[in-house]
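Asks: Numbering (our numbering), first residue to last: 6 to 396.
All C-beta atoms in this analysis are idealised placements derived from N, C-alpha and C, irrespective of residue type, glycine included.
Since we're looking at a predicted model, the values are computed, not measured.
1. Does DSSP put residue 54 in a helix, in a strand, or in coil?
2. Going by beta carbon distance, what residues of the same chain come within less than 7 Å of residue 209, once the five residues before and after it are set aside?
3. Among 41, 336 and 71, which residue has its Cα nearest to the Cα of residue 348?
4. Using CA coordinates, which residue listed in 104, 212, 293 and 48 is at the minimum distance from residue 81?
5. With a threshold of 16 other CB atoms inside 10 Å of the CB of residue 346, please say whether the residue is buried or exposed.
6. With distances taken between CB atoms, is the gap from residue 308 to residue 242 smaller than 7 Å?
7. Of all the options 145, 219 and 11, which has the alpha carbon lying nearest to the alpha carbon of residue 122?
8. Along the chain, where does the alpha helix (DSSP H) that runs through residue 163 open and close?
9. Which value, in whole angstroms, describes the spacing of the CA atoms of residue 279 and residue 170?
10. Short check: CB of residue 85 to CB of residue 181, under 7 Å?
11. If you compare alpha carbons, which of 47, 160 and 15 is closest to residue 338?
12. Helix, strand or coil: how does DSSP classify residue 69 here?
13. Helix, strand or coil, according to DSSP, for residue 267 in the structure here?
14. Tell me the residue span of the alpha helix (DSSP H) that contains residue 19.
15. Can you give me the Cβ contacts of residue 381 inside the same chain, cut-off strictly under 6 Å, excluding the 5 residues immediately before and after it?
16. Determine, using beta carbons only, whether residue 25 and residue 248 come nearer to each other than 7 Å.
17. Pick helix, strand or coil for residue 350, following the three-state DSSP scheme.
18. Output the distance between the C-alpha atoms of residue 265 and residue 340, rounded to the nearest integer angstrom.
19. Nearest to residue 108 by CA position, among 353, 93, 282 and 17, is which residue?
20. With a Cβ-Cβ cutoff of 7 Å, do residue 376 and residue 305 count as a contact?
21. Who are the near neighbours of residue 39 in its chain, counting only those whose CB is closer than 6 Å to its CB and skipping five residues on each side?
22. Kindly list the residues whose CB is nearer than 7 Å to the CB of residue 302, restricted to its own chain and excluding five residues on each side of it in sequence; keep chain order.
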C-alpha cells in the first residue's frame, strides 16, 4: 500500500507542478489585464475558505474518501476543459471558481488517507518519505512544462492539466475503498489555546508571509520571461526549488533536535526578503538559480516546521482546527492578499515592482512574527511534546 500511496502523491503534485507555476502566465497569454488576473488569482484562494468545509463535511458523513477524490478529480478535469474552450474573462473567472471547488479537497483527503494508513501501520514518521514523491513530481512537471510548453504552445495548458486530472481519477482506484472519515471540528469554541493572543498575531504574520510566497509562485514565470530566459531554463529554475526541498525535508527532524522551532521559522521568514531584493536587481536569469536554495529552505521552515509549531500551541482537541487555520492564513487569505496587490502593481509598473511589494509585505510579516514569538515566550508553556512527534 505504501507504494500505491507514493504513486498517488506523485500524481497529485505532478498536477500542482503544471497548474501553480503557470496559471498566471497562461492568463496573461490569454491577453487578460493585470487587474483582471489579480482579481482572479486573489479571489480563488479565498474561495477555499468556503469550499473546504463543504468537502470536509461530506467526507465526515459519507465515509467515502476515495469516491470523493474521484469526483474531485473528474470535476477539476471538466472545469479545465471548459477553461480551454471559453474566451471571455467572466467565463474564465467562473470556471476558475469551479476548478478551485473541485481541486480544494484533493491534497487534504490524500493526506488524510495516507496518515490513516500509516497510523494503522504504526509508522507515522514515514509520512515525509511518502510526501517526498510529491516534491519530485512537482519538479518534473514544472520543468517539462517550462521547457517545452511555455515558449512554444501555451494554449495546451488547460488540456494537459485536464488530462492529468482524468488520469488521477483513474489512479484513485489504487487507494483503500474505505477509510476513517475526516472530522470537521468547526469553530464552536474560538479559544484554541490557553492564550489565543499570540496565536492570532502569529497567524496574521503568516498571512503577510504567505502573500509573498503566493506572488512568487504565480509571477516567477513572468519574471523569468522578462529576463529573456530560455524555456528550458524556466523549467529548470521552477523545478529546482521543489527538488531542493527533498534533502531539507530529510534532515529537518535532526535539525529540530538542536534548534528551536521558533528560530527555524524566523530564519525561514528572514530568507525570503533576501530573495525579493535579489530579484529586483538580477538582470541575468542564471543568477536566479542560487536563489531557489533560499526558497527551499524557507519552505521547509515555514510549512513543515510551521505546521509542527502550531501543533504544539493549540489544545489537542483543536489540533485539526489549528492546522486548518495555519493553512488558511498562508494559502488562502495570504495568497489572496498577494494576488490582489500584485496584479495591480504589475499592471501599473513592472515586474520588479512586484518584488518590491513582496519585500514590503515580507518585512511586515517578519515584524509581526517577532512580536508573536515574543508573546508566545511570555505565555504559559503548552503541554510537553517533542518537535519530532509534532512532525
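Replies: According to the data block:
1. helix
2. 373
3. 41
4. 104
5. buried
6. no
7. 11
8. 162–176
9. 36 Å
10. no
11. 47
12. coil
13. helix
14. 7–24
15. 203
16. no
17. helix
18. 27 Å
19. 17
20. no
21. 348, 351 and 352
22. 253, 273 and 276
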